[in-house]
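First up is the structure itself, then whatever we jot down about it.
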Amino acid sequence: MSKKKKVTVEIILKAKKNGFSDRQLAQIFGTSEEFIRDFRFKNEIFPVYKTVDTCAAEFEAGTPYHYSTYEKFNEVISSDKEKIIILGGGPNRIGQGIEFDYCCVRCVKALREEGYETIMINCNPETVSTDYDITDKLYFEPLTTEDVLNICHYEKNIKGIVVSFGGQTPLRISKELERNGLKILGTSSKNIDIAEDRKKFGKLLDSLEIPKPEYGTANDSVSSVKIARKIGYPVLLRPSYVLGGRAMQIVYNDAQVEKFFRDEADLSKDHPVLIDKFLEEAREIDVDAVCDSEEVYIAGIMQHIEEAGIHSGDSTSILPPISISKKNLIQIKEYTVRIALALKVKGLLNIQFAVKDNIVYVLEANPRASRTIPFVSKTTGVPVVSVAAKIIAGRKLKEFKLKNYEDLGYIGVKESIFPFQKFPKVKMFLGPEMRSTGEVMGIAQTFGEAMAKAQESTGSGMPVKGNIFVSVNENDKRKKTIDIIEKYVKLGFGIVATAGTSKFLNENGIESETVFKVNEGRPNVVDRIKNGDIQIVINTPLGSESRYDEYAIGWEAVQSKIPFITTLSAASSFAEGIAYIKTGNIEVKSLQDYYKQ
């Protein structure tokens with residue numbers, strides 16, 4: 002007897018009352034989720050929606066705050082007003098945080114201004130978008146195809162669903178929602194898939210004659226090793242449909258490729274993994290833009306302080322850029338317009354570029370809200386999300402008078418906040434997988450002052466005197482390092498370094514004191530940090546691996562609340578911030594005063 006014949010109304014209803022999803026039932030009965038859903042719909046097995054009693058039963062609650070249950074008596078009443086459903090970001094985690102909640106709230110407010118009834122679907126109580134007074138109606142439900150379709154069963158006159166403001170979570174179900182007859186507002190799910198699927202996106206870039214790192218795609222370790230050898234190590238492994246650089250790795254040999262597929266097998270099942278040539282020492286740039294499928298508005302071009310290989314969510318960003326050539330900026334704008342129009346973007350678009358040897362490469366494009374959007378909006382004063390939401394609803398870019406980010410008379414710097422104090426012994430060196438859990442920013446007339454303000458906002462501040470500890474890997478023993486350390490010497494800092502780095506510095510005219518590594522004797526560098534002898538740590542990791550010393554030094558720096566810097570570019574910017582603090586000219590102004598400039 003077929004397993005499908007075991008599915009009965011009684012069993013499904015009982016399972017639903019006990020919290021089983023369509024997907025779980027499909028696995029149990031050895032069938033598809035679509036079969037279970039069709040069976041439910043055919044037999045009218047739907048949840049009802051109750052209103053959360055925010056008045057503790059003292060008097061009737063009128064708050065439009067609903068949850069589902071497989072019981073009787075539905076309490077939701079659908080009005081005749083035209084509605085737009087917004088899918089939120091779901092649970093907060095590294096890579097998908099409050100920045101997407103900001104976007105959802107701005108989207109809701111903009112759509113209400115346009116006269117639509119707004120319905121928010123989200124399951125995270127720790128967000129503003131799930132405050133019951135933000136939207137016209139809130140469904141406190143998981144972000145799954147099943148739950149969205151159940152809600153749409155009761156709601157009428159739905160114009161469409163917005164999936165592009167909640168990060169990766171709602172994007173994943175956009176194609177499935179469309180297949181089930183729901184209209185996705187904004188960029189189509191087909192074009193979202195082209196951008197997200199690394200192989201399809203590579204073909205699009207080829208057709209647009211836009212440079213990209215040499216790449217290949219694969220779904221298994223054997224094919225990936227062949228492609229990586231052909232491209233040449235190091236390579237960057239990038240899964241499709243992930244957020245926060247989830248599982249992205251820079252790998253240096255065959256063994257690391259094989260380990261990646263053992264550890265992250267689930268990520269390559271449905272979509273290929275992109276294998277990119279890793280552009281060492283390239284400059285990374287983030288672009289946020291708005292498009293109405295006919296015109297493109299570039300909201301901001303942000304330069305990363307760190308070189309390529311550090312996730313954009315962990316990098317320090319500068320808006321507008323301060324050291325990208327005019328030629329490269331023109332190319333970045335041209336490529337942004339080409340990609341936006343080719344993908345027929347309707348709403349927001351984020352593109353990540355890398356510049357190496359004066360060539361601009363496109364790394365990836367995401368036709369959705371990015372985590373940098375709040376920073377761009379706050380720096381420029383342009384309500385980017387509100388404009389994008391209104392475009393998604395049908396307005397055109399030409400209806401808005403938007404200022405050019407290049408006309409800013411000041412500089413914004415975004416700095417990341419890391420949770421290392423809360424998680425002892427975790428790897429503290431940054432890479433392509435995001436680790437930060439928050440961000441702060443500083444605005445000022447000059448880069449040095451903006452950097453100082455941003456760093457001060459992190460809580461660790463910028464020491465203006467004392468000693469810095471320096472330990473750089475072999476690849477970093479070059480003139481750039483000497484130039485950076487000389488900045489600290491001129492600022493009055495003493496230099497303490499491990500034997501190899503100290504020898505390198507002394508040979509290049511920088512006097513430094515040698516200190517033991519952790520396993521070489523006492524007092525070692527960790528002892529010196531504990532004793533308060535070191536105020537700043539500059540420690541660049543060794544390519545593919547980090548030794549015990551580096552963990553010990555990093556952990557003690559975090560515990561002692563002293564700056565722990567792992568890239569040369571960040572060390573250089575840090576010195577500029579200190580130099581400005583020492584001038585004593587830090588100025589405090591409101592955002593509104595900056596916007597008037």
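Each residue of the sequence shown is one higher than the one before, counting from 2 in my numbering. Beta carbons are placed, not taken as given, at the ideal position from N, Cα and C, and that holds for glycine. Model, not experiment: these values are computed from the prediction.
Quick check: what's the CA-CA separation for residue i versus residue j?
i           : j           : result
residue 31  : residue 255 : 37 Å
residue 445 : residue 399 : 31 Å
residue 596 : residue 474 : 43 Å
residue 294 : residue 137 : 29 Å
residue 66  : residue 434 : 36 Å
residue 289 : residue 374 : 7 Å
residue 49  : residue 381 : 45 Å
residue 246 : residue 311 : Any reading at residue 246 needs caution, since the residue's pLDDT is 49, under 50, leaving its predicted position unreliable; the model's value is listed next. In a straight line, the C-alpha of residue 246 is about 10 Å away from that of residue 311.
residue 38  : residue 17  : 12 Å
residue 15  : residue 92  : 28 Å
residue 98  : residue 164 : 16 Å
residue 222 : residue 183 : 37 Å
residue 53  : residue 61  : 11 Å
residue 12  : residue 81  : 35 Å
residue 281 : residue 71  : 55 Å
residue 581 : residue 379 : 23 Å
residue 494 : residue 177 : 59 Å
residue 464 : residue 562 : 11 Å
residue 397 : residue 297 : 10 Å
residue 467 : residue 233 : 43 Å
residue 112 : residue 102 : 15 Å
residue 448 : residue 516 : 33 Å
residue 531 : residue 577 : 26 Å
residue 590 : residue 94  : 33 Å
What are the partner residues of residue i, as DSSP defines its beta bridges?
i           : result
residue 41  : DSSP lists no partner for residue 41.
residue 121 : 87 and 139
residue 318 : 305 and 415
residue 277 : 216 and 237
residue 292 : 297 and 348
residue 186 : 163
residue 287 : 303 and 353
residue 107 : Its beta-bridge partners do not exist; DSSP assigns none.
residue 515 : 498
residue 98  : Bridge partners of residue 98: none, in fact.
residue 250 : 238
residue 66  : 139
residue 440 : 417
residue 9   : Looking at the DSSP assignment, residue 9 forms no beta bridge with any residue, so it has no partner.
Out of the options, which has the shortest C-alpha to C-alpha gap to residue i?
i           : options               : result
residue 305 : 262, 356 and 328      : 356
residue 540 : 532, 527 and 533      : 527
residue 405 : 154, 384 and 115      : 384
residue 470 : 408, 443 and 557      : 557
residue 309 : 328, 302, 300 and 287 : 287
residue 402 : 537, 388 and 116      : 388
residue 225 : 196, 251, 200 and 262 : 262
residue 361 : 343, 346, 347 and 334 : 334
residue 318 : 59, 301 and 329       : 301
residue 579 : 219, 569, 451 and 590 : 451
residue 307 : 568, 594 and 467      : 568
residue 492 : 149, 583, 277 and 273 : 583
residue 274 : 284, 283, 555 and 259 : 259
residue 408 : 278, 320, 501 and 529 : 320
residue 162 : 278, 118, 594 and 215 : 118
residue 155 : 462, 74 and 19        : 74
residue 393 : 160, 510 and 252      : 160
residue 114 : 391, 250 and 257      : 391
residue 42  : 20, 485, 150 and 59   : 150
Is the number of C-beta pairs between the region 319-326 and the region 338-349 that are closer than 8 Å three or more? A contact is defined here as three or more CB-CB pairs under 8 Å, and the region 319-326 fails this definition with respect to the region 338-349.
| said: Can you confirm whether the region 437-453 touches the region 408-419 when touching is taken to mean that 3 or more C-beta pairs between the two stretches lie within less than 8 Å? | reply: Flag = yes, the region 408-419 and the region 437-453 touch.
| request: Answer yes if the region 169-188 comes into contact with the region 79-92, meaning at least three C-beta pairs across the two stretches below 8 Å, and no otherwise. | output: Three or more Cβ pairs closer than 8 Å define a contact, and the region 79-92 meets that threshold against the region 169-188.
Item checked: Secondary structure, beta strand (DSSP E): runs of 3+ residues fully inside the region 392-433 -> Qualifying beta strand (DSSP E) stretches, in chain order: 412-418.
Fill in: 3 or more residues per run - each beta strand (DSSP E) lying fully within the region 466-505
Counting whole runs of 3 or more residues, the region 466-505 contains the beta strand (DSSP E) stretches 468-472 and 495-498.
Pairs of beta-carbons, one from the region 448-460 and one from the region 473-492, closer than 8 Å: are there three or more?
Segments in contact, no.
task = Return the chain-ordered ranges of every alpha helix (DSSP H) run that is complete within the region 521-588 and spans a minimum of 4 residues.
result = Runs of the alpha helix (DSSP H) lying entirely within the region 521-588 and spanning at least 4 residues, in chain order: 526-531, 549-560 and 569-584.
| query | Can at least three beta-carbon pairs, one atom from the region 174-193 and one from the region 124-134, be found at a separation below 8 Å? | reply | Short answer: they don't touch.
Is the region 138-149 touching the region 97-112, taking contact as three or more C-beta pairs under 8 Å? Short answer: they don't touch.
Counting pairs of Cβ atoms below 8 Å between the region 344-359 and the region 229-241, do you hit three or more? No, they do not touch.
>> Threshold first: 3 residues or longer. Then list the beta strand (DSSP E) segments lying entirely within the region 337-393, N to C.
In response: The DSSP assignment places 347-357 and 360-367 as complete runs of the beta strand (DSSP E) inside the region 337-393, in order along the chain (cut-off: 3 residues).
| message | Across the region 344-352 and the region 360-367, are there enough close Cβ pairs to call them in contact, namely three or more that are closer than 8 Å? | response | The region 344-352 vs the region 360-367: in contact.
Alpha helix (DSSP H) segments (min. 4 residues) lying fully within the region 143-179:
Within the region 143-179, complete alpha helix (DSSP H) segments of at least 4 residues are found at 146-155 and 169-173, given in chain order.
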